[in-house]
Amino acid sequence: MIVGGKIERVEADKKSDGKIEGLSINITLDDIKVKDENLEINYTYSAKYEKGVGEIKIIGVLYAKEDKKTAKEISEIWKKEKTARKLPMEYTSALISAINYTGSANGTLVARVLNLSPPLVPPKLQLESEPKK
14 MIVGGKIERV EADKKSDGKI EGLSINITLD DIKVKDENLE INYTYSAKYE
64 KGVGEIKIIG VLYAKEDKKT AKEISEIWKK EKTARKLPME YTSALISAIN
114 YTGSANGTLV ARVLNLSPPL VPPKLQLESE PKK
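Going letter by letter, the sequence shown gives residues 14 to 146 in the working numbering.
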């Protein structure tokens, strides 16, 4: 369960006054540190405005507390794979949704300063299982 979080860095750039024709949101889990049942999830939220109009990048941390079994499972998977795709899907969906909410809310404030449209996407994201090879 996510118990908190913080934003560590915000970068924003408006490169042109061109018409905004699209927005690409990218969320990356950079690292997961586990100590007992406490998790620290480092992430990067990036909103790129199409045609090179601008970009907003938010780097932050989520804090979570899980039962020891779940924390150990997540730790082992992360150490081996270093990818969110291998983590339990329901857990990753919760993380991505929380990061999306934080990025969209705080990104909206940054976008306003730069006169960009808010980086909003649907509030609940679902992950699909990895395609079979």
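Ideal Cβ positions, reconstructed from N, Cα and C, are used throughout, including at glycine.
For residue 148, the nearest candidate out of 18, 62 and 47 (CA to CA): Missing from the structure shown is residue 148; the chain here goes from 14 to 146 and no further.
Point to revise | Unbroken alpha helix (DSSP H) run spanning residue 93, endpoints | key: In the sequence shown, the residue the question calls residue 93 occupies position 80. Looking at the DSSP string, the run of the alpha helix (DSSP H) that includes residue 93 is 81 to 94.
**Asked** According to DSSP, is residue 99 helix, strand or coil?
**Response** What you label residue 99 is simply residue 86 of the sequence shown in a count that begins at 1. Of the three classes helix, strand and coil, the one that applies to residue 99 here is helix, per DSSP.
Q | Closest by C-alpha distance to residue 79, when choosing among 59, 51 and 104 | A | Taking the sequence shown and counting its residues from 1, one reaches residue 79 at position 66. Selected option, being the one with the closest Cα: 51.
**Q.** Segment limits, beta strand (DSSP E) that includes residue 27
**A.** Against the sequence shown, residue 27 aligns to sequence position 14. Segment 15 to 27, the beta strand (DSSP E) holding residue 27.
Rounded Cβ spacing between residue 67 and residue 21 (contact assumed at less than 8 Å): The sequence position of residue 67 within the sequence shown is 54, counting from 1. The sequence position of residue 21 within the sequence shown is 8, counting from 1. 21 Å between Cβ atoms; not a contact.
| Among 58, 91 and 93, which one has its Cα closest to the Cα of residue 133? | Along the sequence shown, read from residue 1 onward, the residue named residue 133 stands at position 120. Residue 133 has its Cα closest to that of 58, out of 58, 91 and 93.
*Name the two residues that bound the continuous beta strand (DSSP E) containing residue 48.*
Taking the sequence shown and counting its residues from 1, one reaches residue 48 at position 35. Taken as a continuous stretch (DSSP letters only), the beta strand (DSSP E) holding residue 48 covers 36 to 48.
*If you check the beta carbons only, do residue 94 and residue 76 fall under 8 Å apart?*
Taking the first residue of the sequence shown as position 1, residue 94 is located at position 81. Taking the first residue of the sequence shown as position 1, residue 76 is located at position 63. Not a contact, by the Cβ cut-off of 8 Å.
Exercise. Where does residue 31 land, buried or exposed, given buried means 16+ other C-beta within 10 angstroms?
Worked result: To locate residue 31, count along the sequence shown from 1; it is residue 18. Classification of residue 31: exposed, given that the 10 Å Cβ count is below 16.
Helix, strand or coil for residue 119, going by three-state DSSP, please let me know.
Within the sequence shown, the letter at position 106 stands for residue 119. Helix, per DSSP.
Grab the span of the beta strand (DSSP E) containing residue 68 for me, first residue to last.
-> Translated into positions along the sequence shown, residue 68 becomes position 55. Counting along the chain, the beta strand (DSSP E) containing residue 68 begins and ends at 67 to 78.
Subject >> Residue from 35, 49, 55 and 38 with nearest C-alpha to residue 17 >> reply: Your numbering for residue 17 matches position 4 in the sequence shown. Checking every option, the nearest Cα to that of residue 17 belongs to 55.
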